[in-house]
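If you're matching positions, the sequence shown starts at 1 in our numbering and goes up one per residue.
For reference, the structure is listed below as structure tokens.
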Amino acid sequence: MSEPTPGMNLYGAVDLSSLATPRQTAPGGPGAPGAPGAAGGGAGAAVPGEIVVKVTAATFGETVQLSTQVPVLVDLYSARSAASGQLTPVLEKLALEYGGRFQLAQVDVDADAQIAAAFQVQSVPTVVAVVGGQPIPLFQGAYPEEQIRQVLDEVLRIAAQNGVTGVLSPGEEPAAEEPAEPPLPPLHAEALEAIERGDLDAAEAAYTRALKENPGDEEARAALLQVQLIRRVDHDDPEEVLAAAAAAAPGDVAAHLAAADVEAATGRFGAAFERLVRVVRATSGDEREQVRVRLLELFEIAGPTHPDVSPARRALASALY
């Protein structure tokens with residue numbers, strides 16, 4: 001195997017057996033090991049199925065089965081995640097552009113925690129390929145389109161090496177009707193549309209209005225903090241920011257806040273939390289309060305179910321008291 005595309009991780013596959021329920025096949029029948037078409041059904045073989053699908057725990061077994069014929073790209077997203085709002089339209093565009101050479105399977109982690117747990121999701125969006133029933137972790141966060149193309153080409157190359165070369169033919173098999181998702185509140189929808197067109201000012205304004213109308217809207221609060229995080233890191237070179245923090249003193253608040261933002265924006269919440277707890281220990285007064293407030297904001301962005309949040313909250317309390 002050649003070197004993977006930067007950003008890809010072809011190791012650490014997780015066990016999907018709890019979700020996949022393959023159909024039974026007669027010995028020597030279609031799909032049996034060694035039978036013709038067992039993997040891909042022949043190079044470029046037409047495979048009935050939609051190019052972009054919503055997947056739930058109830059239908060995920062079908063997705064794993066399909067991956068023996070066509071590579072599947074799993075987009076694990078959350079409506080609360082601004083980065084998901086940026087990434088998902090790009091993935092949908094590319095799925096259609098690639099013309100059925102892979103299926104885009106979209107999983108709402110807030111609604112399907114079982115799938116998120118199977119993939120060991122720690123932050124959203126997370127993108128994983130499934131090829132021949134085996135998961136390949138790819139990347140987290142909103143990647144640039146050109147880098148995603150490189151990742152997709154590498155996934156297709158790996159799939160071809162394993163005989164998974166089918167091409168989806170939408171419309172050949174009637175798709176089961178999905179229950180309609182409840183519409184987003186108007187200001188949430190307005191904010192997501194603004195994010196999709198790259199207007200972070202308008203997105204921030206919409207979420208701010210949503211909070212003014214309903215101060216208890218936790219989703220709007222977390223989304224607003226995510227937009228503000230994106231704005232803070234938007235024009236920074238991540239490598240330069242992290243290098244500057246590595247050379248900075250433990251009490252250099254500005255350097256470590258910037259580095260923690262970069263780590264959080266790229267899904268490395270645990271590293272961001274550990275960094276800021278160390279800064280809390282090294283500071284006092286207004287500087288310590290500034291760092292404490294940023295930590296609390298990052299806790300909200302990560303969400304209460306993130307595995308690093310509870311330990312970091314305990315570490316923060318210990319550092320403060």
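Using N, Cα and C, we set each Cβ at its ideal position, and we do this for glycine too.
Exposure of residue i, with buried meaning 16 or more beta-carbon neighbours within 10 Å
i, result
"H306", "buried"
"P311", "exposed"
"E173", "For E173, the pLDDT reaches just 48, beneath the cut-off of 50, and the residue's location in the model is therefore unreliable, although a value from the coordinates is still provided. That one is exposed."
"P36", "Because the pLDDT at P36 is just 31, under 50, the model does not fix this residue reliably, and the value given afterwards should be weighed accordingly. Label assigned to P36: exposed."
"D108", "buried"
"S67", "buried"
"V143", "Before going on, a small fix: residue 143 reads as Tyr here, not Val. Classification for Y143: buried."
"V309", "buried"
"V268", "It should be pointed out that residue 268 corresponds to Arg in this sequence rather than to Val. Result: buried."
"G285", "exposed"
"E320", "First, the amino acid is wrong: residue 320 is Leu here, not Glu. Flag for L320 reads exposed."
"E146", "exposed"
"L87", "buried"
"S318", "exposed"
"A194", "buried"
"A220", "buried"
Supposed close pair residue i, residue j - CB separation, criterion 8 Å
i, j, result
"D236", "A258", "7 Å"
"L187", "A206", "5 Å"
"E263", "R275", "7 Å"
"G374", "A45", "Here the chain comprises residues numbered 1 to 321, so residue 374 is not present and cannot be evaluated."
"V90", "I158", "The Cβ separation is near 21 Å, so there is no contact."
"F299", "R313", "7 Å"
"E297", "L225", "5 Å"
"T283", "G251", "5 Å"
"D76", "F119", "According to the sequence displayed, residue 76 carries Leu and not Asp. At roughly 6 Å, the Cβ-Cβ gap stays under 8 Å, so L76 and F119 are in contact."
Cβ pair residue i, residue j closer than 8 Å
i, j, result
"Q69", "V130", "no"
"I230", "A79", "no"
"V277", "L316", "yes"
"V74", "V121", "no"
"Q303", "A222", "Reading the sequence as shown, one finds Gly at residue 303 and not Gln. Going by C-beta atoms, G303 is nearer than 8 Å to A222."
"F60", "I136", "no"
"Y98", "L138", "no"
"Q103", "V72", "yes"
"I51", "P125", "no"
"P185", "A210", "yes"
"V233", "A271", "no"
"R294", "A246", "no"
"D112", "T63", "no"
"L200", "V227", "yes"
"L168", "G100", "yes"
Backbone secondary structure at residue i - three-state DSSP
i, result
"T59", "coil"
"P304", "coil"
"Y321", "coil"
"S310", "helix"
"P89", "helix"
"V74", "strand"
"P238", "helix"
"L316", "helix"
"V155", "helix"
"V233", "helix"
"P79", "The sequence shown places Ala at residue 79, not Pro. In this structure, A79 counts as coil in the three-state DSSP scheme."
"S84", "helix"
"A45", "coil"
"V164", "coil"
"P27", "Because P27 carries a pLDDT of 33, less than 50, the predicted location of this residue cannot be relied on, and no value is offered for it."
Whole alpha helix (DSSP H) elements within the region 99-153, 4-residue minimum = 113-118
Complete runs of the beta strand (DSSP E) confined to the region 173-219 [at least 3 residues] | none
Mind listing, in chain order, the continuous beta strand (DSSP E) runs of no fewer than 3 residues lying wholly within the region 247-284?
-> none
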